[in-house]
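Chemist: Counting in the working numbering, the sequence shown runs without a single skipped number right up to 400 at its last residue.
Note that beta-carbon positions come from the ideal geometry of N, C-alpha and C, so glycine has one too.
Next up is a structure, given as structure tokens.
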Amino acid sequence: MSRNYNDELQFLEKINKNSWRIKKGFVPNMQVEGVFYVNDALEKLMFEELRNACRGGGVGGFLPAMKQIGNVAALPGIVHRSIGLPDVHSGYGFAIGNMAAFDMNDPEAVVSPGGVGFDINCGVRLLRTNLDESDVQPVKEQLAQAMFDHIPVGVGSKGVIPMNAKDLEEALEMGVDWSLREGYAWAEDKEHCEEYGRMLQADPNKVSPRAKKRGLPQVTHFGGGNLTDLDFAALIPDALVAMEKAMKRDKIIVNDRQLACARIASPEGQDYLKGMAAAGNYAWVNRSSMTFLTRQLDFFFYETFFFKLFYSKFWDTCAEHAGLLQRYTCALVVCRTCQPFGTCKDCIFSGLVQCLIPLLQAPESYKNVTDVVNTCHDAGISKKAIKLRPIAVIKG
């Protein structure tokens, strides 16, 4: 029997001004508690979503983010807690902005494609130049148009860097090392990429021919809609089919079919992780290729003009690409701390403490970026570093 809104509130406890606890019992089979981070404005949105769901007002069949956080807390092998970051909203299985850690040494622990997402290693790059704003302003329209013309963008366009099937296999295995070997990256670029731009466990043989066929023509492609890369989205449906069979075999029970999973140590789990790593390498190659094309623009505008890689980072939230006109958007760069998983010694993100995470604003689709960043800052999840104002932008 479904509970009413007031009944649901009995399982929610405010910890402090920026965080709420989701107690066990909020959804069945919770192994750990959940927590989500909000400010006053974001808190109102979260509870309004839950209230609407209790009235039967769910949108598109998606569960409210709180329920999805709870369902993730019920997955076998989860440790510490299921976490909703301030940008959290309903997603596929996992809420978007929902984080969880699993013990790799626990034979019961699982991996779920719903937790990784369809856009594997979807990310952004922040490049810096040796130019002042005064150098760019007189030619900003020409520069933006040149970038738009030089880098393939939009649905249906294809990459311009030559790549055959053999090259793709090597790129899937090598990541940025392939780009470096082929002359599409600088050696120092690797220092600014997570995992140095290469996930060593990648196995191209675990990527289906269908996914490879889709990905081959898309390298050096800016994407369309709200994604920077295609990032082998076709990998996920293939994995879900295998994992549903594995769940029946291993008697794994989940609260939501969208959380289809497999034991990490199982053949299905290992195959998925190896294929996922290959897809991650593909994304780095794609962004390296776009960086290469961007750097070529120096020949058209300035003798001493260069784009230098400042940062490249996994980013699990979609990025906005505005059109060929100025819009009232911004980018915020924050420095991640060890929260919310505890001290550096125990934190699964301990290697990322000094990293920079760009957060691009997309107010019509996602929560207000200022609320999100301020909440992260106040909760100690990250520290505000830089606010960037666009001069000109191009849209995929």
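If you reduce the DSSP assignment to three classes, tell me which class ARG267 lands in.
Modeler: Three-state result, ARG267: strand.
Chemist: Do three or more CB pairs link the stretch 272 to 286 to the stretch 115 to 125 at distances below 8 angstroms?
Modeler: Result yes; three or more Cβ-Cβ pairs closer than 8 angstroms.
Chemist: Select from LYS28, GLN149 and MET151 the residue whose C-alpha is nearest the C-alpha of ARG85.
Modeler: Checked all of LYS28, GLN149 and MET151; the closest Cα to ARG85 is LYS28.
Chemist: Give me, in chain order, the residues of the same chain whose beta-carbon lies closer than 7 angstroms to that of LYS216; leave out the 5 immediate sequence neighbours on both sides.
Modeler: Correct list, in chain order: LEU172.
Chemist: Starting from LEU184, follow its DSSP beta bridges and name the residues at the other end.
Modeler: BP columns for LEU184 are empty, so no partner.
Chemist: Since ALA264 contacts PRO117 with CB under 8 angstroms, what's their CB separation in whole angstroms?
Modeler: About 7 angstroms separates the two Cβ atoms, so the contact holds.
Chemist: Could you tell me if GLY187 is buried or exposed, where buried requires 16 or more neighbouring beta carbons within 10 angstroms of its beta carbon?
Modeler: Exposed.
Chemist: Could you round the C-beta distance between GLY101 and GLY88 to whole angstroms and report it? I think they count as a contact, below 8 angstroms.
Modeler: Contact flag correct, Cβ pair sits at about 6 angstroms.
Chemist: Out of LYS48, LYS278, ALA189 and TRP24, state which residue places its alpha-carbon closest to the alpha-carbon of ASN209.
Modeler: The shortest Cα separation from ASN209 among LYS48, LYS278, ALA189 and TRP24 belongs to LYS278.
Chemist: Excluding sequence positions up to five away, which residues of its chain have a Cβ less than 6 angstroms from the Cβ of GLN141?
Modeler: Hits under 6 angstroms: none found.
Chemist: Around the C-beta of LYS194, are 16 or more other C-beta atoms found within 10 angstroms, so that it is buried, or is it exposed?
Modeler: The residue is buried, with at least 16 neighbouring Cβ atoms inside 10 Å.
Chemist: Considering ALA104, what are the terminal residues of the beta strand (DSSP E) in which it resides?
Modeler: Start and end: 100 to 106.
Chemist: CA-CA distance, LEU336 and LYS249?
Modeler: Spanning the two alpha carbons is a distance of roughly 43 angstroms.
Chemist: Can you tell me whether TYR41 is buried or exposed? The criterion is at least 16 other CB atoms within 10 Å of its CB, across all chains shown.
Modeler: Its Cβ being crowded by 16 or more others within 10 Å, TYR41 is buried.
Chemist: Looking only at DSSP bridge pairs, what is MET387 linked to?
Modeler: Residue identity check: residue 387 is Lys in the sequence provided, not Met. Its beta-bridge partners are CYS339.
Chemist: Could you tell me which of ASN259, VAL211, ILE257 and LEU220 sits nearest to ASP242, measuring between CA atoms?
Modeler: Selected option, being the one with the closest Cα: VAL211.
Chemist: Based on the DSSP output, what are the partners of TYR41 in its beta bridges?
Modeler: The partner list for TYR41 (beta bridge, DSSP) reads SER23.
Chemist: Per the contact definition of three or more C-beta pairs closer than 8 angstroms, is the stretch 289 to 297 in contact with the stretch 253 to 269?
Modeler: Segments in contact, no.
Chemist: Kindly indicate which residue of ALA148, CYS380 and ARG299 has the alpha-carbon position closest to the one of VAL397.
Modeler: Nearest of ALA148, CYS380 and ARG299 to VAL397, Cα basis: ALA148.
Chemist: Just how far apart, CA to CA, sit ALA213 and GLY219?
Modeler: One detail in the question is off: residue 213 reads as Pro in this sequence, not Ala. Each residue's Cα considered, the two are about 10 angstroms apart.
Chemist: By alpha-carbon positions, which one of LEU204, ASN134, VAL377 and LEU49 ends up nearest to MET280?
Modeler: It is LEU204.
Chemist: Verify whether the separation of the beta carbon atoms of GLY38 and ILE73 is less than 7 angstroms.
Modeler: Contact flag set, yes.
Chemist: Just to confirm, are ALA69 and ALA99 a CB contact at a threshold of 7 angstroms?
Modeler: Yes.
Chemist: Name the residue from ILE385, ILE155 and ILE390 whose alpha carbon lies nearest to the alpha carbon of MET103.
Modeler: It is ILE385.
Chemist: When DSSP labels each residue in this structure, what does VAL140 get in the three-state scheme?
Modeler: Residue state, collapsed to three classes: helix.
Chemist: In the structure shown, what three-state DSSP assignment does LYS371 receive?
Modeler: Coil, per DSSP.
Chemist: Within the stretch 50 to 101, note down every full alpha helix (DSSP H) run reaching 4 residues or more, in order along the chain.
Modeler: Fully enclosed alpha helix (DSSP H) runs of 4 or longer: 69 to 76.
Chemist: Skipping 5 residues on each side, what residues in its chain have a beta carbon closer than 6 angstroms to that of ASP382?
Modeler: If we look at ASP382 and ignore the five residues flanking it on each side, its Cβ neighbours are ASN22.
Chemist: Considering Cα atoms alone, identify which of VAL373, ALA389 and LEU297 is closest to VAL157.
Modeler: Checking every option, the nearest Cα to that of VAL157 belongs to LEU297.
Chemist: Tell me which residues share the same chain as ILE390 and place their Cβ nearer than 7 angstroms to its Cβ, disregarding the 5 neighbours each side in the sequence.
Modeler: For ILE390, where only same-chain residues beyond five positions count, the Cβ hits under 7 angstroms are VAL337.
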